[in-house]
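As given, the protein sequences belong to chains A and B, one line each in that order.
According to our numbering, the first sequence holds residues 917 to 1074 in order.
According to our numbering, the second sequence holds residues 917 to 1074 in order.
For glycine and all other residues, C-beta sits at the position ideal for the given N, C-alpha and C.
Structure, as structure tokens:
There are 2 protein chains.
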Amino acid sequence: MPPPSAKAKSVRVLEFPPRLSSGYLVRDAHRAFQRLLERRITPYGVTRGQWYFLRVLWTHDGLSQRELSARVGMMEPTTVIALRSMERSGLIHRLRSDDDRRKVRVLLTAKAKRLRNELLAVARTITEEAEAGIDMRDLASFRRVIARMTANLDLIER
Amino acid sequence: MPPPSAKAKSVRVLEFPPRLSSGYLVRDAHRAFQRLLERRITPYGVTRGQWYFLRVLWTHDGLSQRELSARVGMMEPTTVIALRSMERSGLIHRLRSDDDRRKVRVLLTAKAKRLRNELLAVARTITEEAEAGIDMRDLASFRRVIARMTANLDLIER
DNA sequence: TCCCATTGCATAGATTTCTAAGTAATTCCT
DNA sequence: AGGAATTACTTAGAAATCTATGCAATGGGA
């Protein structure tokens, strides 16, 4: 029979229930948010993939694709695909920059600008629904903790 | 000029920075967890999509596909795709049930069972890295809050 | 000036996930 | 017993995301 410490370690690894795993809790919450967001923006003809880009463009219209990718936190090929669908849906125009012909400036159409307030309200409503019944102090603590987790993980390379 | 309350409401909707949105914070954290998990399990020949199913099967070997879908929290077509790739990788066998020939029982191979402890250790390490430097009480509060948010959102139909 | 490294975007191909609709086995009701 | 409803899985097709690679415009150094 192994010594107590070895046994404890073994049990510790063998049992790792999802309820105790921050990663699982975060995943579940993320899926719940996504699901609701998707349902509520589809009626506006906006997909979840377009949403993140719209959100940045509403405050930073005219960014280049590279800047946009960085702000949204997506890889550039993802941006290409999202922008293509947004162009098809009449949400943006792409304009080759004159001073540097490699760059493409992304510009919102009037249609996209008109959607802004209503869609931001949708996002805020979902947040309010998620936070219902949660103490303000707990909420503030939650934000600090989850931001810290993200920062912790982002510092790790491999 | 609109009355103060109307103005406050308008500003409230017009400005909704991601830093204050639980949804965005959750999304960022989720992506950080995913990124690291994916990097660390790829060397074992396991993809992120297979991971969730392995994790359930390690404690509930022999479930049917439907039960598995429910436990993992994925739609059934997603399960079909994941299981197909797991079968190709030699992680599972699928066995048509004899008492009900509609059902397919999913069984782990010896290879998948051998991976269990090492991969669970990977998950635990990531959790520990994410939680580094966070107060135990804050962590407990975090788990309550995020589980409550998920529950809140899951109650909403549309 | 001309070559080459860098920069900005695009393509290719894979994976993960969904919704909607199909097929086959089982069960239930008359 | 036979048809209808239900159950379990599958297929089809779309979307969102990634890594790896390609191409074209730019700029810097010999």
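- Task: Count the other CB atoms, across all protein chains shown, that sit within 10 Å of the CB of isoleucine 1062/A; report buried if there are 16 or more and exposed otherwise.
- Result: Residue numbering aside, residue 1062/A sits at position 146 when the first sequence is read from its first letter. That one is buried.
- If you measure beta-carbon to beta-carbon, which residues of the segment 1015-1036 of chain B are closer than 7 Å to chain A? Asn1033, Leu1036
- Query: To which residues of the same chain is histidine 1009/A closer than 6 Å at the C-beta, ignoring the five residues directly before and after it?
  - Reply: The residue labelled residue 1009/A in the question sits at position 93 within the first sequence. Leu1023.
- Provide the residue(s) that pair with isoleucine 1008/B in DSSP beta bridges, ordered along the chain. The residue labelled residue 1008/B in the question sits at position 92 within the second sequence. The partner list for isoleucine 1008/B (beta bridge, DSSP) reads Leu1024/B.
- Are the CB atoms of methionine 990/A and tyrosine 968/A nearer to each other than 9 Å? Along the first sequence, read from residue 1 onward, the residue named residue 990/A stands at position 74. Along the first sequence, read from residue 1 onward, the residue named residue 968/A stands at position 52. Yes; because the gap between Cβ atoms is below 9 Å, this pair is in contact.
- Message: Counting only Cβ pairs nearer than 8 Å, list the residues of chain B close to alanine 1039/A.
- Response: Here residue 1039/A refers to the residue found at position 123 of the first sequence. Here the neighbours are Phe932, Ser937, Gly939.
- Query: Would DSSP call serine 1013/A helix, strand or coil?
  - Reply: Taking the first sequence and counting its residues from 1, the one referred to as residue 1013/A is at position 97. When DSSP states are grouped into helix, strand and coil, serine 1013/A belongs to the coil group.
- Message: Just checking: is the beta-carbon of valine 1061/A within a distance shorter than 9 Å of some beta-carbon in chain B?
- Response: Along the first sequence, read from residue 1 onward, the residue named residue 1061/A stands at position 145. Chain B, which has a Cβ nearer than 9 Å to the Cβ of valine 1061/A, makes this yes.
- Note down, in chain order, all residues in the segment 1044-1058 of chain A with a beta-carbon under 8 Å from any beta-carbon belonging to chain B. Glu1045, Ala1046, Glu1047, Ala1048, Gly1049, Ile1050, Asp1054, Leu1055, Ser1057, Phe1058
- Query: For the segment 948-963 of chain B, which residues have a beta carbon sitting closer than 9 Å to at least one beta carbon of chain A?
  - Reply: Ala948, Phe949, Gln950, Arg951, Leu952, Leu953, Arg955, Arg956
- Can you name the start and end residues of the alpha helix (DSSP H) that threonine 1066/B belongs to? Your numbering for residue 1066/B matches position 150 in the second sequence. Looking at the DSSP string, the run of the alpha helix (DSSP H) that includes threonine 1066/B is 1052-1070.
- Task: Please state if the CB of leucine 952/A and the CB of isoleucine 1042/A are separated by a distance shorter than 9 Å.
- Result: Residue 1042/A sits at position 126 when you count from the first residue of the first sequence. Residue 952/A sits at position 36 when you count from the first residue of the first sequence. Yes; because the gap between Cβ atoms is below 9 Å, this pair is in contact.
- Message: Within a Cβ cutoff of 6 Å, which residues of the same chain sit near alanine 1028/B, ignoring the five residues on either side of it in sequence?
- Response: As a position in the second sequence, residue 1028/B is number 112, starting the count at 1. Sequence-distant Cβ neighbours of alanine 1028/B in its own chain, meaning closer than 6 Å and more than five residues away, are Leu1007.
- Residue-level contact to chain B via CB, histidine 946/A, 9 Å cutoff: As a first step, residue 946/A is located in the first sequence; it is residue number 30 there, counting from the start. At least one chain B Cβ lies under 9 Å of histidine 946/A.
- Please go through the same chain and pick out, in chain order, the residues whose beta-carbon is closer than 6 Å to the beta-carbon of glycine 978/B, but skip the five residues on each side of it. As a working note, residue 978/B is residue 62 in the second sequence. Short of 6 Å from the beta carbon of glycine 978/B, and not among the five residues preceding or following it, lie these beta carbons of its own chain, in chain order: Arg1021, Leu1023.
- Roughly how many whole angstroms lie between the Cα atoms of proline 933/A and arginine 1059/B? For the purposes of this step, residue 933/A is taken as residue 17 along the first sequence, with counting starting at 1. For the purposes of this step, residue 1059/B is taken as residue 143 along the second sequence, with counting starting at 1. Taking the straight line from one Cα to the other gives about 13 Å.
- Query: Taking the alpha helix (DSSP H) that valine 988/B falls in, what are its first and last residues?
  - Reply: For this step, residue 988/B is matched to residue 72 along the second sequence. Counting along the chain, the alpha helix (DSSP H) containing valine 988/B begins and ends at 981-988.
- For glycine 965/B, decide whether its Cβ has a neighbour in chain A, counting only Cβ atoms nearer than 9 Å. Translated into the one-based positions of the second sequence, residue 965/B becomes position 49. No - not a single Cβ of chain A is within 9 Å of the one on glycine 965/B.
- chain B beta carbons: is any one of them nearer than 9 Å to that of lysine 1072/A? Here residue 1072/A corresponds to residue number 156 of the first sequence, with the count starting at 1. The displayed chain sequence assigns isoleucine, not lysine, to residue 1072/A. So, interface residue.
- Query: Helix, strand or coil: which one does DSSP assign to arginine 1018/B?
  - Reply: The residue given as residue 1018/B occupies position 102 in the second sequence. Correct three-state label for arginine 1018/B: coil.
- Is the CB of serine 921/B under 9 Å away from at least one CB in chain A? As a position in the second sequence, residue 921/B is number 5, starting the count at 1. The predicted model places serine 921/B with a pLDDT of 44, which falls under 50 and marks its position as unreliable; any figure quoted below should be read in that light. No, serine 921/B does not count as interfacial toward chain A.
- Three-way DSSP call (helix, strand, coil) for histidine 946/B in this model: For the purposes of this step, residue 946/B is taken as the residue at position 30 of the second sequence. Note: histidine 946/B maps to helix in three-state DSSP.
- Contact with chain B by arginine 943/A, beta-carbon distance below 9 Å: Residue numbering aside, residue 943/A sits at position 27 when the first sequence is read from its first letter. Judged by the 9 Å Cβ criterion, arginine 943/A is in contact with chain B.
- Query: By how many angstroms is the C-alpha of alanine 945/B removed from the C-alpha of alanine 948/A?
  - Reply: As a first step, residue 948/A is located in the first sequence; it is residue number 32 there, counting from the start. As a first step, residue 945/B is located in the second sequence; it is residue number 29 there, counting from the start. Cα-Cα distance, rounded: 14 Å.
- Task: May I ask you to check if the CB of methionine 1052/B is nearer than 8 Å to at least one heavy atom of the ligand ATP?
- Result: This structure does not include the ligand ATP; it has no bound ligands of any sort.
- Cα-Cα separation between alanine 998/A and methionine 1065/A, rounded to whole angstroms: The count along the first sequence starts at 1 and reaches residue 998/A at position 82. The count along the first sequence starts at 1 and reaches residue 1065/A at position 149. Approximately 28 Å, taken between the alpha carbons.
- Message: Buried or exposed, going by whether 16 or more other CB atoms sit within 10 Å of the CB of alanine 1056/B?
- Response: One-based indexing of the second sequence puts residue 1056/B at position 140. Classification of alanine 1056/B: exposed, given that the 10 Å Cβ count is below 16.
- Quick one: measure Cβ to Cβ for leucine 1035/B and leucine 941/B, integer angstroms, because I've assumed they're closer than 8 Å. The residue given as residue 1035/B occupies position 119 in the second sequence. The residue given as residue 941/B occupies position 25 in the second sequence. About 27 Å; that fails the 8 Å criterion.
- Message: Output needed for tryptophan 974/B: all residues of its chain with C-beta closer than 7 Å, excluding positions within five of it in sequence on either side, in chain order.
- Response: As a working mapping, residue 974/B is identified with position 58 in the second sequence. Here the set comprises Arg1032.
- So, using beta-carbon positions, are serine 1001/A and glutamine 966/A closer together than 9 Å? Along the first sequence, one-based indexing puts residue 1001/A at 85. Along the first sequence, one-based indexing puts residue 966/A at 50. Yes, Cβ-Cβ distance for serine 1001/A and glutamine 966/A is below 9 Å.
- Message: Taking the straight line between their C-alpha atoms, what separation do you get for valine 927/B and proline 959/A?
- Response: By 1-based counting over the second sequence, the position of residue 927/B is 11. By 1-based counting over the first sequence, the position of residue 959/A is 43. Any reading at valine 927/B must be qualified, since the residue scores a pLDDT of 49, below 50, and its modelled position is unreliable; the value itself is stated next. Each residue's alpha carbon lies about 25 Å from the other.
- Query: asparagine 1068/A to alanine 1048/B, Cα distance in whole Å?
  - Reply: Within the first sequence, numbered from 1, the residue matching residue 1068/A stands at position 152. Within the second sequence, numbered from 1, the residue matching residue 1048/B stands at position 132. Rounded to the nearest angstrom, the two C-alpha atoms are 7 Å apart.
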